[in-house]
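Engineer:
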Amino acid sequence: MFYYSRIPKGKAPPGLKSLDLPGVADMIKTGKVKNIAFLTGAGVSVAAGIPDFRSAGGMYDTLRPNLLTATERQRMMMKADPTSVVSWDVFANNQFPYLELRRPFILGTAERKWKPTLAHWFVKVCDDKKLLRRLYTQNIDGLDYPLQIDDDKIVPVHGTMGKASCEFCGAEYPIDQFRKEVEAKVKDIYKTDQKAPKESTNILCLECNMPGVKPSTVLYGRSLPDSFSDCLEKDFPKNVDLVIVMGTSLTVSPANTVPLLARESCLRLVVNREPVGQGLGIRYGSNAVRDVFGAGDCDDVIAKLAGELGWLPELKQYESQMAKKSQEVLAKAIKVAEKGSSSETKTSKRSSVHESS
Numbered sequence: 000m001f002y003y004s005r006i007p008k009g010k011a012p013p014g015l016k017s018l019d020l021p022g023v024a025d026m027i028k029t030g031k032v033k034n035i036a037f038l039t040g041a042g043v044s045v046a047a048g049i050p051d052f053r054s055a056g057g058m059y060d061t062l063r064p065n066l067l068t069a070t071e072r073q074r075m076m077m078k079a080d081p082t083s084v085v086s087w088d089v090f091a092n093n094q095f096p097y098l099e100l101r102r103p104f105i106l107g108t109a110e111r112k113w114k115p116t117l118a119h120w121f122v123k124v125c126d127d128k129k130l131l132r133r134l135y136t137q138n139i140d141g142l143d144y145p146l147q148i149d150d151d152k153i154v155p156v157h158g159t160m161g162k163a164s165c166e167f168c169g170a171e172y173p174i175d176q177f178r179k180e181v182e183a184k185v186k187d188i189y190k191t192d193q194k195a196p197k198e199s200t201n202i203l204c205l206e207c208n209m210p211g212v213k214p215s216t217v218l219y220g221r222s223l224p225d226s227f228s229d230c231l232e233k234d235f236p237k238n239v240d241l242v243i244v245m246g247t248s249l250t251v252s253p254a255n256t257v258p259l260l261a262r263e264s265c266l267r268l269v270v271n272r273e274p275v276g277q278g279l280g281i282r283y284g285s286n287a288v289r290d291v292f293g294a295g296d297c298d299d300v301i302a303k304l305a306g307e308l309g310w311l312p313e314l315k316q317y318e319s320q321m322a323k324k325s326q327e328v329l330a331k332a333i334k335v336a337e338k339g340s341s342s343e344t345k346t347s348k349r350s351s352v353h354e355s356s
């Protein structure tokens, strides 16, 4: 595992023309960027219909501890810090808050309710073009796996909903059986499933008989998978030319160290609704030397980058596999690109007429 004792200011990447999306695109198109590492957060999945945990209206913002099966002390903990609902401190003593909160997420994942977004498919296009070094995802929704990227290129930093295991003994639990157990034994605090039980009962591990079965996600207070540190050592600092950070607040450690590990002249693009990471040494505006900020929703900004790269046709081939909102963003981006191309053609023709006359 790497740790920085200081925050380097960084150096301008050789050949970088501008600290904006056209500048990033130029670095890729001219071959100065050959290896891209992504760090993604909940923001990349918002267009799929999965709520961003930390934003207004997200899961933490709307958490109602009084609806969960918990002691008064545990409810006070969750009220003071909503993330404690997915912490080891709570789960070790009471598994119901986690399972009740995650119930629709667990069942929705099983039903393939959500599709990858345009931002997800952009990572796939980078892989198709042999530019993807690694995808470090903080998301547990599993939307990176339908992209058909080699598993060894995907690091699920906080685990995945695609598997189930016992938090006490580590034994895997059959995922289909787990989902059936959740449906039958975990109450629905959202009141959308009339068949759900009125009260939650334990789901016992088939090996140790303890009630520790849950999706194979990493609880707050537990260790991250070994693949995270192993891949960081392989990738940084020498084997990455561009780090693209998408849809994350960069507040959760140690995942937020990923952009810090790049060499000092490595280009970094942060795509988010608001600037993040300033406390980690990411610099925007007049202080920036290698950091580019793409302000807005991930799909919108990445569609603009794809347009600059001329990659909209490549994204178009995955359109049917995208979330509906992402399809709309892509269609709009293609229309804008076609309009721009048409204007350039007319300008070129007018210029030719003037020259000939």
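When we follow numbering that gives the first Met the number 0, the leftmost residue of the sequence shown carries the number 0, and every step to the right adds one. C-beta: ideal position from N, C-alpha, C; glycine also.
Note down, in chain order, each residue of its chain lying with its Cβ closer than 7 Å to the Cβ of K184, except the 5 sequence neighbours on either side.
Structural biologist: Closer than 7 Å at Cβ, skipping near neighbours: P196, S199, T200, I202.
Engineer: In whole angstroms, give me the CA-to-CA distance for Y189 and P64.
Structural biologist: Taking the straight line joining both Cα atoms gives about 12 Å.
Engineer: If you draw a straight line from the C-alpha of I35 to the C-alpha of E71, how long is it?
Structural biologist: Each residue's alpha carbon lies about 47 Å from the other.
Engineer: In its own chain, which residues sit with a C-beta less than 7 Å from the C-beta of D234, not counting the 5 before and 5 after it?
Structural biologist: Within the same chain, D234 has close Cβ partners A36, R132, R133.
Engineer: Going by the beta-carbon positions, is the gap between P325 and A46 smaller than 7 Å?
Structural biologist: For the record, residue 325 in the displayed sequence is Ser; it is not Pro. A contact, by the Cβ cut-off of 7 Å.
Engineer: How many Å lie between D19 and F104 at the Cα?
Structural biologist: Using only the alpha carbons, I get a separation of about 36 Å.
Engineer: In terms of alpha-carbon separation, which member of Q94, S264, E171, T136 lies closest to P253?
Structural biologist: It is T136.
Engineer: From this set, N92, E182, A322, R267, which residue's C-alpha is nearest I243's C-alpha?
Structural biologist: Closest option to I243, Cα to Cα, is R267.
Engineer: For D151 and D127, what's the separation of their Cα atoms in angstroms?
Structural biologist: Near 15 Å, if we compare the C-alpha coordinates of D127 and D151.
Engineer: Under 7 Å between the Cβ atoms of K31 and G9?
Structural biologist: Going by C-beta atoms, K31 is not nearer than 7 Å to G9.
Engineer: Just to check, is the beta-carbon of S340 closer than 6 Å to a non-hydrogen atom of the ligand NAD?
Structural biologist: Among the components modelled here there is no ligand, and therefore nothing to report on the ligand NAD.
Engineer: Which of the three DSSP states, helix, strand or coil, is assigned to K324?
Structural biologist: The answer is helix: DSSP assigns K324 an H, G or I state.
Engineer: For K28, which residues from the same chain have a beta carbon less than 7 Å from its beta carbon, with the 5 sequence-adjacent residues on both sides left out?
Structural biologist: So the qualifying residues of the chain are L308.
Engineer: Does the stretch 203-212 touch the stretch 166-182, meaning 3 or more C-beta pairs lie closer than 8 Å?
Structural biologist: Contact between the stretch 166-182 and the stretch 203-212 is present, because at least three Cβ pairs lie under 8 Å.
Engineer: Below 7 Å between beta carbons: does that hold for G276 and L304?
Structural biologist: For G276 and L304, no; Cβs fall outside 7 Å.
Engineer: Please say whether A11 and V288 have beta carbons closer to each other than 7 Å?
Structural biologist: For V288 and A11, yes; Cβs fall inside 7 Å.
Engineer: Should E337 be labelled buried (16 or more other beta-carbon atoms within 10 Å of its own) or exposed?
Structural biologist: When all chains shown are included, E337 counts as exposed.
Engineer: Within a Cβ cutoff of 6 Å, which residues of the same chain sit near K78, ignoring the five residues on either side of it in sequence?
Structural biologist: Only P64 meet the Cβ criterion.
Engineer: Can you have a look at M75 and say buried or exposed, based on whether 16 or more other CB atoms are within 10 angstroms of its CB?
Structural biologist: It counts as exposed.
Engineer: Within 10 Å of its beta-carbon, does Q94 have 16 or more other beta-carbons around it, so buried, or fewer, so exposed?
Structural biologist: Q94 comes out buried.
Engineer: Under 8 Å by Cβ, that's how I've got W87 and L218 pegged, so tell me the actual separation to the nearest angstrom.
Structural biologist: About 5 Å separates the two Cβ atoms, so the contact holds.
Engineer: May I ask which residues mark the beginning and end of the alpha helix (DSSP H) holding V122?
Structural biologist: Taken as a continuous stretch (DSSP letters only), the alpha helix (DSSP H) holding V122 covers 117-127.
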